[in-house]
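Residue numbers (the working numbering), protein chains in the order written: chain V, 88 to 438; chain C, 11 to 292; chain H, 21 to 287.
In structure tokens:
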């Protein structure tokens with residue numbers, strides 16, 4: 088069993104909600120042991136997709152294959168998979184121990200065995216042993232998260248599904264848990280399929296990412312390749328905080344819209360192409376600074392983001408985002424500045 | 011989707027069968043009995059409207075009018091009385107609300123007869139609790155409202171106040187405090203806050219409360235029996251007499267059918283307006 | 021805001037006092053030995069209570085009422101469980117109609133409900149007794165209990181049922197291990213409501229108990245025709261009986277919860 092073996096295959100998978108397709112013909116291979124993330128805005132169909140994989144929703148057409156075997160008609164309680172729910176769905180009338188042991192209880196395992204397994208899992212997810220008899224309603228947000236994880240792992244499933252379980256957790260704790268999730272994936276060797284609306288969260292932990300929009304997968308790849316080469320304007324905008332420059336035709340050939348600057352050599356673009364420029368690649372130029380492309384703009388405002396400072400500058404009605412070099416004093420609002428970038432830093436996106 | 015449909019149909023059948031057997035069917039029997047010849051028992055194919063003619067001719071509209079009057083008066087007055095209490099229950103501390111709500115709810119579970127009997131003893135002339143006490147301390151003999159329509163009304167207010175109050179509390183609890191504060195901050199007078207914010211949002215609860223009181227009072231008999239005496243005979247009492255003393259089931263059934271129709275006319279449109287999921291759900 | 025809040029409190033307290041005057045009056049009236057009520061009593065005595073307790077009829081009345089109320093409580097809860105799930109849990113065509121239909125008997129003159137039951141039951145040849153009263157009470161009380169349980173069912177977390185199912189539980193296991201424990205508080209208060217509403221009901225009993233007599237019926241006839249201090253004494257005893265029932269019920273809940281908690285800790 089290596090990381091390239093396929094564990095779960097989706098073939099032309101669709102889900103129809105009374106004429107509205109929530110998921111459209113998704114074909115996808117998820118590999119053994121990887122942490123695979125599906126990311127998309129709300130309404131993109133990612134929740135429906137993962138619920139079909141878990142067996143909580145029935146596909147309208149297409150197939151789900153687990154290690155080559157079709158499991159479309161296998162209900163959730165007979166699939167060797169477990170889900171961590173968005174709300175966590177902990178059983179509030181039970182203790183931490185009862186929650187973790189649930190999958191073994193309904194299977195009729197004896198008490199000793201259940202107890203031993205619960206202890207083992209609590210250690211794995213870093214829950215103190217004396218939490219065993221504690222009511223889950225008396226646990227903090229992070230602890231509840233760990234109980235949900237241990238509960239899903241108890242039956243030793245082949246695949247774990249996560250339906251945005253971190254969305255309700257505050258920022259600081261979320262950052263910690265994201266990393267723990269990645270560690271747990273390594274430690275258990277299990278396949279994790281994770282859903283989130285935050286590309287940032289997906290970047291931190293995933294082996295591979297699929298970006299979903301309107302029920303379809305619009306890009307699939309490793310985090311870095313998606314970061315460096317978004318396949319469409321949608322993916323680029325979804326990352327947030329980037330400059331997107333339109334390309335249009337004028338008398339001489341292709342130019343950058345609004346800037347009326349001819350396209351540099353080496354950039355293949357037709358009308359409708361967009362150029363993506365990350366804020367750190369669009370620089371505020373000093374008096375005698377040089378760049379392939381320069382233009383004037385008016386500083387609108389500047390924002391301190393911890394160690395970095397972002398600047399919003401306007402040219403006509405167009406806003407540009409630029410990241411200031413460390414130590415550079417931000418210009419005053421209303422001050423005229425010169426912005427510039429090199430052609431090699433611009434990424435062409437063909438819609 | 012299909013599974014839920016099947017589950018719904020299976021699960022609803024026990025209560026629905028009970029209501030068909032114990033509610034719809036009996037009402038059909040009553041309607042049919044009302045078409046039988048006067049003072050007969052059993053069912054024949056002799057269908058007649060005679061009982062309805064008798065009902066009008068023997069001025070049974072009079073008890074009907076009393077009942078409608080009592081129902082209207084009780085609905086309006088219990089609503090006015092319960093509004094400030096509902097406000098206190100919703101806006102004041104949880105502990106206060108629990109204690110007061112419990113104290114108001116407890117009597118609901120004590121037989122109506124016992125409570126009305128208590129009211130009777132309290133209002134009795136001369137040796138009654140009120141008149142006796144005043145006579146003992148001040149030596150004056152106050153009269154008594156007992157055996158007047160006012161006594162009946164007092165009894166109705168007393169018995170049905172909780173039925174107006176609790177739905178109103180339910181409705182009022184759905185009015186967010188900050189929306190009232192926002193209205194106040196934007197310059198609304200207390201009356202305008204009530205008119206534009208509180209009443210519209212609380213209206214489902216108010217509708218349920220008023221409807222409940224109105225309909226229950228329409229059929230109430232013991233209040234007049236124990237407090238008002240013969241001064242104002244409501245329709246429920248008249249029906250009871252047709253059934254028990256006069257042994258004229260067809261006429262009693264005719265009166266009951268008319269009462270049902272009035273109730274249905276009120277209940278159907280109002281009930282169909284309410285979104286019960288939103289009212290009782292989260 | 022502050023001033024109006026004080027005003028609401030004063031109003032609330034006044035209404036509360038008025039609400040309890042009749043109950044206090046019943047107690048006061050029961051503490052005399054005269055044939056007619058002449059308040060204040062010349063002699064205060066608990067003699068009527070001794071008399072009421074010595075009367076075997078009081079026990080019979082209490083037993084009839086108890087029998088009916090317990091049966092109604094059991095029947096109502098059994099019917100209300102599926103009824104509430106259909107009311108609030110499942111999304112099915114016809115649900116809105118069902119919800120309104122179920123509420124009709126609540127929004128209905130009770131005396132008409134009672135006489136309609138009388139007409140139909142006697143037409144179908146049933147002998148009227150405490151059993152027919154149970155049936156008629158249920159028609160009115162089942163919708164109320166269903167509503168109480170529904171409020172609990174609305175609060176159900178569907179994700180918890182899905183989680184149980186996902187973790188390998190069958191539909192039946194999911195119901196008994198996850199759904200049922202969550203609606204248990206609603207069932208408990210529903211049963212208590214059913215008992216108390218049946219215990220104190222007059223209009224429905226009056227038409228349908230036939231040969232049997234419940235406590236409220238007996239009180240009703242004795243109060244209007246044949247007053248004696250023993251009558252309010254019986255009324256007070258009936259109130260005490262329902263208070264005892266509520267206390268026993270609550271104590272039972274506390275004990276059951278305690279035992280469950282202890283068992284978990286010992287494990």
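The beta-carbon is built from N, C-alpha and C at its ideal position, and this holds for glycine as well. Just so we're clear, the structure is a prediction, and the values are computed from it rather than from any experiment.
Option in the options with minimal Cα separation from residue i
i, options, result
"residue 74 of chain C", "C:206, C:267, C:287", "C:267"
"residue 261 of chain V", "V:273, V:228, V:281", "V:228"
"residue 389 of chain V", "V:379, V:417, V:401", "V:417"
"residue 423 of chain V", "V:338, V:281, V:92, V:387", "V:387"
"residue 188 of chain C", "C:203, C:37, C:176, C:175", "C:203"
"residue 258 of chain H", "H:236, H:181, H:37, H:144", "H:236"
"residue 265 of chain H", "H:249, H:217, H:253, H:230", "H:217"
"residue 157 of chain V", "V:124, V:111, V:98", "V:98"
"residue 269 of chain C", "C:239, C:158, C:20, C:230", "C:230"
"residue 181 of chain V", "V:144, V:206, V:146, V:225", "V:225"
"residue 396 of chain V", "V:404, V:385, V:409, V:384", "V:409"
"residue 160 of chain H", "H:225, H:242, H:243, H:126", "H:126"
"residue 52 of chain V", "V:276, V:312, V:362, V:281", "Chain V is shown from 88 up to 438; residue 52 of chain V falls before or after that span and cannot be answered."
"residue 105 of chain V", "V:177, V:146, V:274", "V:146"
Whether residue i touches residue j by CB criterion (9 Å)
i, j, result
"residue 364 of chain V", "residue 329 of chain V", "yes"
"residue 80 of chain C", "residue 244 of chain C", "yes"
"residue 91 of chain C", "residue 110 of chain C", "no"
"residue 61 of chain C", "residue 37 of chain C", "no"
"residue 209 of chain C", "residue 193 of chain C", "no"
"residue 263 of chain C", "residue 135 of chain H", "yes"
"residue 141 of chain C", "residue 165 of chain C", "no"
"residue 124 of chain C", "residue 46 of chain H", "yes"
"residue 180 of chain H", "residue 207 of chain H", "no"
"residue 112 of chain H", "residue 68 of chain C", "no"
"residue 269 of chain H", "residue 212 of chain H", "yes"
"residue 219 of chain C", "residue 281 of chain C", "no"
"residue 214 of chain H", "residue 263 of chain H", "no"
"residue 160 of chain V", "residue 118 of chain V", "no"
Residue i beta carbon near the ligand MN (any heavy atom closer than 8 Å)
i, result
"residue 435 of chain V", "In terms of ligand content, the structure shown is empty, and the ligand MN therefore cannot be addressed."
Exposure label - residue i; buried when at least 16 CB within 10 Å
i, result
"residue 73 of chain H", "exposed"
"residue 131 of chain C", "buried"
"residue 66 of chain H", "exposed"
"residue 34 of chain H", "exposed"
"residue 374 of chain V", "exposed"
"residue 56 of chain C", "exposed"
"residue 29 of chain C", "buried"
"residue 128 of chain V", "exposed"
"residue 115 of chain C", "exposed"
"residue 358 of chain V", "exposed"
"residue 317 of chain V", "buried"
"residue 12 of chain C", "exposed"
"residue 260 of chain C", "buried"
"residue 384 of chain V", "buried"
Interface partners of residue i on chain H, CB under 7 Å
i, result
"residue 273 of chain C", "128, 129"
"residue 269 of chain C", "129, 132"
"residue 134 of chain C", "57"
Closer than 8 Å at the beta carbon, the chain C residues around residue i
i, result
"residue 243 of chain H", "123, 127, 130, 236"
8 Å Cβ cut-off: residues of chain H touching residue i
i, result
"residue 254 of chain V", "Per Cβ cutoff of 8 Å: no residues; residue 254 of chain V is ~13 Å from chain H at best."
"residue 76 of chain C", "Per Cβ cutoff of 8 Å: no residues; residue 76 of chain C is ~14 Å from chain H at best."
"residue 266 of chain C", "132, 135, 136"
Beta-carbon neighbours of residue i, restricted to chain V and to distances below 9 Å
i, result
"residue 104 of chain H", "The contacting residues do not exist; residue 104 of chain H stays about 18 Å from chain V at best."
Under 9 Å by beta carbon: chain H residues contacting residue i
i, result
"residue 113 of chain C", "36, 39, 40"
"residue 295 of chain C", "Absent from the structure is residue 295 of chain C, since the part of chain C shown begins at 11 and ends at 292."
Given a limit of 8 Å on CB to CB distance, which residues of the segment 40-74 of chain C reach chain H? The residues in question are 40, 43, 52, 53.
Using a Cβ-Cβ cut-off of less than 7 Å, give me the residues of the segment 164-177 of chain V that come near chain H, in sequence order. So the list reads 164, 169, 170, 172, 174, 176, given in the order they occur along the chain.
What residues from the segment 146-169 of chain H come within 8 Å of chain V, judged by C-beta to C-beta, listed N to C? Within the segment 146-169 of chain H, no residue has a Cβ that lies closer than 8 Å to any Cβ of chain V.
What residues in the segment 217-232 of chain H bring their beta carbon closer than 9 Å to a beta carbon of chain C? So the close ones are 217, 219, 220, 221, 222, 223, 226, 227.
Quick one, which residues of the segment 188-217 of chain V are near chain H if we go by CB-CB under 7 Å, in chain order? Contacts with chain H (Cβ-Cβ distance below 7 Å) from the segment 188-217 of chain V involve 189, 190, 193, 194, listed in chain order.
Determine which residues of the segment 186-200 of chain H have a Cβ less than 9 Å from any Cβ of chain V, and write them out in chain order. From the segment 186-200 of chain H, only 186, 187, 188, 189, 190, 191, 193, 194, 197, 198 have a Cβ closer than 9 Å to chain V.
Just by C-beta distance, which residues in the segment 31-63 of chain H are closer than 7 Å to chain C? Listed by position along the chain: 31, 32, 35, 36, 39, 41, 42, 43, 45, 46, 48, 49, 56, 57, 58, 59, 60.
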